[in-house]
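Number of protein chains: 2
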Amino acid sequence: MKKVDLAACPVCSKLDINDEEAFLDDLKCTIKAYGKNELIIRQGDVCDALYMLTQGSVKTEMITENGNILGIEIIKAPRPLAPAFVFSDNNHFPVDVTALEEVEIMKIPKTEIMRLMMTNPDFMSSFMTHNANRTQFLTNRLQLLSIKTIKGKLAHFLFENSQGEGKPFEINRNQTELADFFGVARPSLARSLSEMVQEGLISINKKEYIILNSKGLRELLV
Amino acid sequence: MKKVDLAACPVCSKLDINDEEAFLDDLKCTIKAYGKNELIIRQGDVCDALYMLTQGSVKTEMITENGNILGIEIIKAPRPLAPAFVFSDNNHFPVDVTALEEVEIMKIPKTEIMRLMMTNPDFMSSFMTHNANRTQFLTNRLQLLSIKTIKGKLAHFLFENSQGEGKPFEINRNQTELADFFGVARPSLARSLSEMVQEGLISINKKEYIILNSKGLRELLV
DNA sequence: ATTAAAGTGTAACAGTTGTTACACTATTGA
DNA sequence: TCAATAGTGTAACAACTGTTACACTTTAAT
Chain Y
188 MKKVDLAACP VCSKLDINDE EAFLDDLKCT IKAYGKNELI IRQGDVCDAL
238 YMLTQGSVKT EMITENGNIL GIEIIKAPRP LAPAFVFSDN NHFPVDVTAL
288 EEVEIMKIPK TEIMRLMMTN PDFMSSFMTH NANRTQFLTN RLQLLSIKTI
338 KGKLAHFLFE NSQGEGKPFE INRNQTELAD FFGVARPSLA RSLSEMVQEG
388 LISINKKEYI ILNSKGLREL LV
Chain Z
188 MKKVDLAACP VCSKLDINDE EAFLDDLKCT IKAYGKNELI IRQGDVCDAL
238 YMLTQGSVKT EMITENGNIL GIEIIKAPRP LAPAFVFSDN NHFPVDVTAL
288 EEVEIMKIPK TEIMRLMMTN PDFMSSFMTH NANRTQFLTN RLQLLSIKTI
338 KGKLAHFLFE NSQGEGKPFE INRNQTELAD FFGVARPSLA RSLSEMVQEG
388 LISINKKEYI ILNSKGLREL LV
């Protein structure tokens, strides 16, 4: 079995690394590989186990009832996928999960997770914290979506990623992906971006952005 | 101390009821009362304890950066408030919490929660499930917000609450609250509602709604 | 019963976003 | 190097929503 970097995983980081092999040997789980662009999990699938992404990276996206795509996030190994849903009463996945490259998924039964939490306080604590952080992530998405104007969303998003006025920073999404992330149409996003550049609020060079006028940018949030 | 209906609380329901008194006696916690319309928790407050709503009801709402209000939900006792955030790395409350009537809040330190989870597997399981359900709730909110048209949101919302075509059902929110819930302007919501009534899709009498044409209503989601 | 407050219906207009279409540039693989 | 593909810039118009304003109805309180 390929070695997994347990220490890098948010829910396993506190495990005693010396026990790692024993830990993995004891664990009853199955591993499955997926190719690039393959659909790993479909929105609505029953979630009866913990899906741990051990190799590669995936994207998650929510398909709304009117067929639009709402980008959620990009996840890199090692990290669990939607861990909270293993325990929910209505245990269905809320998103589509698609492989961005060659991917390996470890599927750990719910009973095993329960056993780990019982016997391993550190695992339990990490698991709780990770789920709490996921909730916070969703809350942030909610906040972003609730900003009504595209420029407002952009301002919020740019402030979140910037280190300060004048300092260049990278956004590793293209316009189409950004538009999906915001839940808006691509040409509308492009229009807002070019207007903000014309107004001297920001500058854009490929995927490198600079905030030129944070005061003016902040006014878009008012 | 006023008796609390532990069995009705989602995270305590599996506790042995015979131990209830001992459970509450052992628990190191403080209780505080709030009056109607009093602000109990402010968005951004540090969350270093579990806030358990033991009496009354509250509403939670998110204030966006542009000052708009996004209604989240109405919570009735007994239920914990934002339990997941006790364990998050950035443990700040994501919402304002306001008392809708006379309210009592039990504040349980994080260390006590940890102890309960360690010593009481049923509590742990309930706590996990409850947090998972909360995540699912947020996901649903996200899905609702990501529907772009007001009529689409309404259709989604009405289907969610209806028992079927022709069967009346109650919506216990007025138009202003519904508009906040959807994150739209009140007159815009009223316009959409009256158009949907005129088109024969639904009927409205005070807070009683009926879906008259579910086929037509479903088309608003496409 | 009367008054104040809350909630609803509606209109006109401004503003923002979506849609569609097409030209152009950049990137990638053969 | 070339061709194919992906990504970007932009325009015109339609569609939808927000804003503001005001009349009206219902509810709650005194």
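First to last, the sequence lines map onto chains Y and Z.
Note that the working numbering has the first sequence beginning at 188, numbered continuously upward.
Note that the working numbering has the second sequence beginning at 188, numbered continuously upward.
The beta carbon of each residue, even a glycine, is placed where N, CA and C say it ideally should be.
Remember, predicted model here, so these are calculated numbers, not experimental data.
### Task
Would you check if the distance between the CB atom of Z:Cys234 and the CB atom of Z:Asn277 is smaller than 7 Å?
no
### Query
By how many angstroms is the C-alpha of Z:Phe344 removed from the C-alpha of Z:Gln362?
13 Å
### Query
Of all the CB atoms in chain Z, is at least one closer than 7 Å to the CB of Y:Ser200?
no
### Message
Using only CA atoms, which one of Y:Glu386, Y:Cys196 and Y:Lys219 lies nearest to Y:Met293?
### Response
Y:Lys219
### Task
Give me the Cβ distance between Y:Met239 and Y:Pro265, rounded to the nearest whole Å; I'm assuming they're in contact under 8 Å.
7 Å
### Task
Check each residue of the region 310–321 of chain Z: if its Cβ is closer than 8 Å to any Cβ of chain Y, include it; give the result in chain order.
Met311, Ser312, Met315, Thr316, Asn318, Ala319, Asn320 and Arg321
### Message
So, with DSSP's three-state summary, where would you put Y:Lys189?
### Response
Low per-residue confidence applies at Y:Lys189: pLDDT is 49, beneath 50, and the placement is therefore not dependable, though the value from the model is reported in the following sentence. Note: Y:Lys189 maps to coil in three-state DSSP.
### Message
If the criterion is Cβ atoms closer than 7 Å, does the pair Z:Glu248 and Z:Ile261 meet it?
### Response
no
### Message
Let me check one thing: in DSSP terms, what residues is Z:Pro267 bridge-paired to?
### Response
Z:Met239
### Message
Below 8 Å on the Cβ atoms is my contact criterion, and I expect Z:Ile428 with Z:Phe369 to pass it. Report the Cβ-Cβ distance as a whole number of Å.
### Response
In the structure as shown, chain Z starts at 188 and stops at 409, and residue 428 of chain Z therefore has no counterpart that could be examined.
### Query
For the beta strand (DSSP E) that Z:Val284 lies in, which residues bound it at each end?
Asp283 to Ala286
### Query
Which parts of the region 279–360 of chain Y are runs of the alpha helix (DSSP H), unbroken and 4 residues or longer, counting only runs that do not cross its ends?
297–306, 308–333 and 337–348
### Bridge partners - Y:Val233, DSSP secondary structure assignment
Y:His279
### Query
Helix or strand or just coil, what does DSSP make of Y:Glu225?
coil
#### Entry: Neighbouring residues, chain Y, relative to Z:Asn277 (Cβ below 7 Å)
Gln323
### Task
Output the boundary residues of the alpha helix (DSSP H) element that contains Z:Lys402.
Ser401 to Glu406
### Task
Classify Z:Leu257 as helix, strand or coil using the three-state DSSP reduction.
strand
### Query
When the Cα of Z:Val245 is compared with those of Z:Ser275, Z:Ala286 and Z:Tyr396, which residue comes out closest?
Z:Ala286
### Query
So which residues of chain Z does Y:Arg328 contact, with C-beta pairs closer than 8 Å?
Leu329
### Query
Count the other CB atoms within 10 Å of the CB of Y:Thr316; is the residue buried (16 or more) or exposed (fewer)?
buried
### Query
For Y:Ile397, which residues from the same chain have a beta carbon less than 6 Å from its beta carbon, with the 5 sequence-adjacent residues on both sides left out?
Pro355 and Ser390
### Query
If you draw a straight line from the C-alpha of Z:Asn307 to the C-alpha of Y:Thr306, how long is it?
13 Å
### Task
With DSSP collapsed to three states, give me the class of Z:Ser390.
strand
### Query
Roughly how many angstroms lie between the CA atoms of Y:Phe274 and Y:Met383, to the nearest whole one?
44 Å
#### Entry: Under 7 Å between C-beta atoms of Y:Phe148 and Y:Asp232
This structure does not reach residue 148 of chain Y, given that chain Y is present from 188 up to 409, and the question cannot be answered.
### Query
Which residues of chain Y have a Cβ atom closer than 9 Å to the Cβ of Z:Phe344, listed in chain order?
Simply none; closest approach about 11 Å.
### Task
Out of Y:Glu289, Y:Glu288 and Y:Gln242, state which residue places its alpha-carbon closest to the alpha-carbon of Y:Pro267.
Y:Gln242
### Message
Please classify Y:Leu404 as buried or exposed, where buried requires at least 16 neighbouring CB atoms within 10 angstroms.
### Response
buried
### Message
If you reduce the DSSP assignment to three classes, tell me which class Y:Ser244 lands in.
### Response
strand
### Task
Would you tell me roughly how many angstroms separate the C-alpha atoms of Z:Leu237 and Y:Cys199, rounded to the nearest one?
25 Å
### Task
Could you name the residues that DSSP lists as bridge partners for Z:Glu382?
In DSSP, Z:Glu382 forms no bridge with anything.
### Query
Roughly how many angstroms lie between the CA atoms of Y:Gln385 and Z:Arg373, to the nearest whole one?
34 Å
### Task
Could you tell me whether any Cβ in chain Y is nearer than 7 Å to the Cβ of Z:Ser333?
yes
### Query
Y:Leu388 and Y:Asn400: beta carbons closer than 7 Å?
yes
### Task
List the residues of chain Y that Z:Gly370 touches, going by C-beta distances under 7 Å, in chain order.
Ser333
### Query
alpha helix (DSSP H) containing Y:Ala372: first to last residue?
Per DSSP, Y:Ala372 belongs to no alpha helix (DSSP H) and is neither H nor E.
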